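Following: one structure in structure tokens, then a few remarks.
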Amino acid sequence: MNTITIIGSINLDRTIRVKQMPKPGETMHTKEIFSAGGGKGANQAVAAKRSGAKTNFIGAVGNDEAGQMMTDLLNQEEINLTGVATLDNQATGQAYIIVDDQGENSIMIHSGANNVFTPEHVSQHEDLIKDSDFLISQFESAMESTIAAFKIARQAGVKTILNPAPALEKVPEELLEVTDMIVPNETETEILTGITITDEASMKKAADHLHQLGMEAVIITIGSKGAFYDVNGRSGIVPAFKVKAVDTTAAGDTFIGAMSSVLANDFSNLEEAIKYGNKASSITVQRFGAQPSIPYKNELD
1 MNTITIIGSI
11 NLDRTIRVKQ
21 MPKPGETMHT
31 KEIFSAGGGK
41 GANQAVAAKR
51 SGAKTNFIGA
61 VGNDEAGQMM
71 TDLLNQEEIN
81 LTGVATLDNQ
91 ATGQAYIIVD
101 DQGENSIMIH
111 SGANNVFTPE
121 HVSQHEDLIK
131 DSDFLISQFE
141 SAMESTIAAF
151 KIARQAGVKT
161 ILNPAPALEK
171 VPEELLEVTD
181 MIVPNETETE
191 ILTGITITDE
201 ASMKKAADHL
211 HQLGMEAVII
221 TIGSKGAFYD
231 VNGRSGIVPA
241 FKVKAVDTTA
251 AGDTFIGAMS
261 SVLANDFSNL
271 EEAIKYGNKA
281 SSITVQRFGA
291 QPSIPYKNEL
301 D
């Protein structure tokens, strides 16, 4: 069983379901509105835990109702929250999500406490990182804290996985230098490399570019087509499972969390781990909400 530490975002999601996305200036009635646990970091942690990984979290919430709700939810998952700070005078991160009948979504994020916890806070919980098989992060929390965590992991021989989302025009080189695996989607890949993803040849070209920046393993998620991988001279596409999607929120997070739960430290079983992650995300997209949609190991088995 892998031990996974996530450093990143904890958000309370506010989801609105509509028939179709509103146009600028348009007013429409909603079909449903609900709140649920979210945040890319927290989603990945829940996915890893539900697939059997021992899971730790480093991050922060505000001293407010949303923060209490999120810590209660993550405690129910039995995720280790000793690395999660509760900050006064800061709002817990929140996401406002619109989902249409085609399963497409539009998301607005207020980072709040996610962008405030510091490298010093990370250092106080470095034992969580050192005792892990993998450290995972995204771009929904403070960059300097992510860099500090990845440097601790690299010194301890812990493999790092970077999900570069939401996309940044310029990712700090000192972070890329201590990243072992990067998992962007097609849009994020183009922003990172300047290479437009159109086919497998362009994905291979983008992966070669990312390898030159120091990353051992590259996975490019390509939605309903599956995922392209390139590691240690092996590359290819692992197809997605064909399902009818109703809400794609947390699909990518589920993929990363589930995949990391079964991934070998030397990436030797990457193809099998990707297939497992694809299966998990195929279940997620058939349900509404972020964390409520993430499957358990027994469903995948």
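Position 82 of the sequence shown, counting from 1, maps to 82 under the UniProt record's numbering, and the rest follow consecutively. C-beta atoms are modelled at their ideal positions from N, C-alpha and C, and glycine is treated no differently. All of these numbers come straight from a predicted model, not from anything done at the bench.
For E140, count the other beta carbons within 10 Å of its own beta carbon; 16 or more makes it buried, fewer makes it exposed. Which is it?
Position 140 of the sequence shown, counted from the first residue, corresponds to residue 140. Flag for E140 reads buried.
Mapping DSSP to helix, strand and coil, what is N43?
Within the sequence shown, numbered from 1, the residue matching residue 43 stands at position 43. Helix.
Contact between the stretch 1–16 and the stretch 50–61 is defined here as three or more beta-carbon pairs at a separation below 8 angstroms; is this criterion met?
Output reads yes: the stretch 50–61 touches the stretch 1–16.
Reducing DSSP to helix, strand and coil, say where G252 ends up.
Taking the first residue of the sequence shown as 1, we reach residue 252 at position 252. Residue state for G252 is assigned as helix, using DSSP reduced to three classes.
Anyone know if the C-beta pair for V178 and R154 falls short of 8 angstroms?
Here residue 178 corresponds to residue number 178 of the sequence shown, with the count starting at 1. Here residue 154 corresponds to residue number 154 of the sequence shown, with the count starting at 1. Yes, they are a contact pair.
Chain C contact for E26 (CB, 8 angstroms cutoff)
The structure shown contains no chain C; it holds only a single protein chain.
Rounded to whole angstroms, what's the CA-CA distance from residue 328 to N43? Just pull it up for me.
The structure shown has nothing for residue 328, since the chain only spans 1 to 301.
Less than 8 angstroms separating the beta-carbons of L12 and T92?
Position 12 of the sequence shown holds residue 12. Position 92 of the sequence shown holds residue 92. The criterion of a C-beta distance shorter than 8 angstroms is satisfied by L12 and T92.
4 or more residues per run - each alpha helix (DSSP H) lying fully within the stretch 66–142
Here the runs fully enclosed are 119–124 and 126–130.
What are the complete beta strand (DSSP E) segments, minimum 3 residues, inside the stretch 6–55?
As far as the stretch 6–55 is concerned, its whole beta strand (DSSP E) runs of at least 3 residues are 11–17 and 32–38.
In whole angstroms, give me the CA-to-CA distance for G223 and N185.
In the sequence shown, residue 223 corresponds to position 223, counting from 1. In the sequence shown, residue 185 corresponds to position 185, counting from 1. One C-alpha to the other measures close to 8 angstroms.
S235 - DSSP class collapsed to helix/strand/coil
By 1-based counting over the sequence shown, the position of residue 235 is 235. Three-state DSSP puts S235 in a strand.
Three CB pairs or more closer than 8 angstroms across the stretch 242–255 and the stretch 93–111:
These segments touch.
Coarse secondary structure for V218, derived from DSSP in three states:
On the sequence shown, position 218 is the one that residue 218 refers to. DSSP, read as helix, strand or coil, puts V218 in strand.
Could you give the residue range of the alpha helix (DSSP H) that holds T187?
Taking the sequence shown and counting its residues from 1, the one referred to as residue 187 is at position 187. For T187, the uninterrupted alpha helix (DSSP H) run begins and ends at E186 to T193, by DSSP.
Which of the three DSSP states, helix, strand or coil, is assigned to I283?
Position 283 of the sequence shown, counting from 1, holds the residue named residue 283. DSSP places I283 in helix when its eight states are reduced to three.
Could you pull the DSSP bridge partners for G62 from this structure?
Here residue 62 refers to the residue found at position 62 of the sequence shown. Within the DSSP bridge table, the entry for G62 names L87 as partners.
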